[in-house]
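*Asks:* Just passing along the structure, written as structure tokens.
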Amino acid sequence: ASAEAEAAAIAESEAIASAEAEAAAIAEAITNEEKMASVTAAVKNVISQNQGWALGTLDRDGNPTETGTPNLFVFGWSLFILDVKVENENKATLLVSSEFLNLDENERTNVLDSLQSNIQNELYGEPTPNGVYLTVYSGNNIIASSKITNDREYKWKD
1002 ASAEAEAAAI AESEAIASAE AEAAAIAEAI TNEEKMASVT AAVKNVISQN
1052 QGWALGTLDR DGNPTETGTP NLFVFGWSLF ILDVKVENEN KATLLVSSEF
1102 LNLDENERTN VLDSLQSNIQ NELYGEPTPN GVYLTVYSGN NIIASSKITN
1152 DREYKWKD
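If you count the sequence shown from 1, you need to add 1001 to reach our numbering.
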């Protein structure tokens, strides 16, 4: 009977450990999901600010103004971005405007690289040479994605 009790105690201990590990994994997933939601919100805020500076609707401190000077040279990249979602530390999806399609490949790459730098800055506090794997949509169509070998090089679908 004591061997059975010992086996039952071991089985119960293993079940508890398994349940604790599963609970920890769920908590980590929720925490990571919350972190990515926070990173996404921060990136969207940066894009919104950049759009305001590009159009001259925000002053240098980010306050609304009617007398601002548009700065398309520095912040114009942001005007092509409609939405972004940082899925995890290695992947993001991006929705661009139809005007993005009128840009040449070099200009498109500059837009995506600017976004990459902002995502990295929100994830790590500074831009890093590595990016995140981007999937770029125009409407419901994927128009570009990062190359597997380099997140900051893109394969265009058009």
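Cβ atoms here follow ideal geometry from the backbone N, Cα and C, with glycine treated the same way.
(1) Should Val1133 be listed as close to the ligand SAH, given that the test is whether its C-beta is under 8 Å from any heavy atom?
(2) What is the rounded straight-line gap between the Cα of Ala1016 and the Cα of Ser1003?
(3) Once DSSP output is grouped into helix, strand and coil, what is the label at Lys1092?
(4) From Arg1153 to Leu1073, what does the alpha carbon distance come to, in whole angstroms?
(5) How close, in whole Å, do the beta carbons of Lys1186 and Tyr1134 come, if the pair is a contact with beta carbons under 8 Å?
(6) For Arg1061, is the classification buried or exposed, using 16 other Cβ atoms within 10 angstroms of its Cβ as the cut-off for buried?
(7) As a quick exercise: from Leu1083, Asn1046 and Ala1009, pick the residue whose alpha carbon is nearest that of Phe1101.
*Replies:* Considering the structure as presented:
(1) This structure does not include the ligand SAH; it has no bound ligands of any sort.
(2) 20 Å
(3) Here Lys1092 sits in strand by DSSP.
(4) Roughly 23 Å separates the two Cα atoms.
(5) The question about residue 1186 has no answer here: the residues shown for the chain are numbered 1002 through 1159.
(6) exposed
(7) Leu1083
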